[in-house]
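Below is one structure, written out as structure tokens; the observations come after it.
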Amino acid sequence: MKGRTEDSTDDGTRTRRPAGTRQSRVCTGPISRRIGAGLVFAGLTGGLAAFLVDAGLYDVSATRQHLRPTFFLLEAGLHASVRRHARAVKAPGASTPASLDQGMRCFLDHCSQCHGAPGIAPEPFARGLLPLPASLVQAADDWSREELYWIVTHGLKMTGMPAWRYRLEEEALWAVTDFVRTLPGVTAERLREWREAVPESACESRATRPEAPVRAAFTQYACTSCHRIPGVVGPDVHVGPSLDGMRDRRYVAGMPMRGPGDLARWIERPSAVRPGTLMPDLGVTPGDARDGRLPAGPAMNILLRTLLALVVLGVPAMAWRGERPPDPGVARGRDAIEAFACGACHTIPGVRGAAGAAGPSLAGFGRRAYIAGRIPNEATALARWIADAPAFLPDTAMPDLDVPPDEARAMAAYLLTLR
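The numbering of the sequence shown is the numbering used here, which starts it at 919 and goes up by one.
Pasting the structure below:
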């Protein structure tokens, strides 16, 4: 018939369709079935994995090894990742006797505690790690020179292997790498003689200093182990206050901050500024913040510029907002926080007008491990702190606001919802 096109079907019959139109084909063969089966398998596998994670069935203790498939996947992923990232490493010239001396001393000072060495057993704590730190005698067979350097320099997540790029000079990193590659030929007797012949000063850790601006400094100094810092990934639970809005703060640990110099002195040596503080000395050299000024380039410069310019630099702050809780007691606490003018000194999510900068931000307060760095953060202690902070710490800058006990408990309940 004019204007129609005939098509043959699988059973031999013929059908007609308008001329100029395309035949619709649906793939129903083996390929389609394999794709469907693959999608179903992927869905079931993903669902099973999600169930195991959510149910907590997988044993994460360090007393039982990973399941064999898990161990295999982790090992394969580790090797693939190191190979890929080590491609950009440019190795220097061959090692020298002096560099191997340095590498041996650095290895004994920093590595043998976990990995052991010929004639030297790992420390007891290392034998309790999982995955167990491997003997590095076989490392030269498993990794190239560039790959070993990359591991020594950058460390490995979730293995206990630290990154040494912030603690050792570049030549020391390569020296350790080359020494590890010589381990297959080093006997216990040779290592003892070698150790006696090389002075301990052969491996001197450098003064810690960041190699990249802004966020790298916080990673290097492990600031996120105690503080929540906008734009910097870290643990969920913190000992110290959030550093959100640091640029607008007028006080640090209750001490007036008149300018960058005061903050520099605090970061350089907090124990000298406020004896008894839990803020540790970070090992920053005095020259990095001499006379409270900001020299060009050193660690203090980068730390201070980062802290004082989080907003200016456009580092995205996390959107911590206290949701309006259904619990009327918690809602009452939010109202009490507003009534007692806590926002005059603190930034408090969910409380109208609470944008103070004299004290630390209370964003994420429910994740804090301690109050004022000393008191365990739980409801009863927090309520007592709110009611009469000077009774806990006589030298605190937190005033006694004459908060009734029931109001203090409600305020504590609200603050603990901020996560």
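Positions of the beta carbon are idealized from the N, C-alpha and C atoms, including for glycine.
Beta-bridge pairing of residue i - partner residues as DSSP gives them
i       : result
THR1265 : ALA1273
TYR1288 : PRO1294
ILE1038 : ALA1035
GLY1079 : According to the sequence displayed, residue 1079 carries Met and not Gly. According to DSSP, MET1079 bridges with LEU1074.
PRO1193 : None; PRO1193 has no bridge partner.
SER1160 : SER1279
PRO1174 : TYR1169
Element boundaries [alpha helix (DSSP H), containing residue i]
i       : result
GLY995  : 986 to 1003
GLN1020 : 1015 to 1028
ALA1328 : 1323 to 1333
GLU1089 : 1088 to 1100
ASP1059 : 1057 to 1060
GLU1118 : Note, GLU1118: premise wrong, no alpha helix (DSSP H); not H, not E.
PHE1310 : 1307 to 1310
Residue i versus the options, residue with shortest Cα-Cα distance
i       : options                               : result
ASP1318 : PHE1258, HIS1264 and THR963           : PHE1258
GLU1107 : ARG1302, GLU993, ALA1035 and GLY1277  : ALA1035
GLY1078 : TYR1169, ALA1262, PRO1051 and ILE1304 : PRO1051
PHE1310 : PRO1323, ALA1290 and VAL958           : ALA1290
GLY1194 : THR981, ARG1292, GLU1256 and PHE990   : ARG1292
GLU1118 : ASP1027, HIS1003, ARG952 and LEU1280  : ASP1027
SER1053 : VAL1150, ARG1085 and VAL1098          : VAL1098
LEU1047 : GLU1064, ARG982 and HIS1003           : ARG982
TYR1084 : VAL1000, PRO1174 and HIS1072          : HIS1072
THR1014 : GLN1031, ALA1093, THR1265 and LEU1181 : ALA1093
GLY1037 : GLY956, LEU1101, THR1142 and GLY1179  : LEU1101
ILE1147 : ASP1313, LEU1280, ALA1330 and ARG1302 : LEU1280
MET1076 : SER1062, GLU993 and ILE953            : GLU993
THR988  : VAL958, PRO1049, HIS1003 and PRO1010  : PRO1049
ALA1090 : GLU1186, CYS1029 and SER1143          : CYS1029
MET1329 : ARG1001, PHE1283, LEU966 and LEU1161  : PHE1283
VAL1116 : PHE1025, HIS984 and ALA1009           : PHE1025
ALA1370 : TRP1061, CYS1141, LEU1334 and ALA1275 : Because the chain spans 919 through 1337 in this model, residue 1370 falls outside it and cannot be assessed.
ARG1063 : ALA1081, ARG1005, GLU1087 and LEU1086 : ARG1005
ALA1315 : TYR1169, ALA1299, MET1197 and LEU957  : TYR1169
Buried or exposed by the 16-neighbour rule on C-beta atoms within 10 Å, applied to residue i
i       : result
ILE1069 : buried
THR1095 : buried
TYR976  : exposed
GLY1277 : buried
MET1022 : buried
ARG1252 : buried
LEU1336 : buried
GLU1114 : exposed
PRO1188 : buried
PHE990  : exposed
SER950  : exposed
HIS1145 : buried
GLY995  : exposed
SER999  : exposed
ALA960  : exposed
PHE969  : exposed
TYR1332 : buried
PRO1244 : Because the pLDDT of PRO1244 is 46, which lies under 50, any placement of that residue in the model is unreliable, and the question is left without a value.
PRO1159 : buried
VAL1230 : Here the model assigns VAL1230 a pLDDT of 35, short of 50, so the residue's position is not dependable, and the following value carries that caveat. It is exposed - the Cβ of VAL1230 has fewer than 16 other Cβ atoms within 10 Å.
TRP971  : Contrary to the premise, residue 971 reads as Val rather than Trp in this sequence. VAL971 comes out exposed.
HIS997  : exposed
PHE1043 : exposed
GLN1020 : buried
ILE1304 : buried
THR1265 : buried
ASP1199 : exposed
ARG1327 : buried
ILE953  : exposed
GLU1065 : buried
ASP1162 : buried
VAL958  : exposed
VAL1248 : buried
SER979  : exposed
Contact between the stretch 1318 to 1329 and the stretch 1264 to 1272 (3+ Cβ pairs under 8 Å): no
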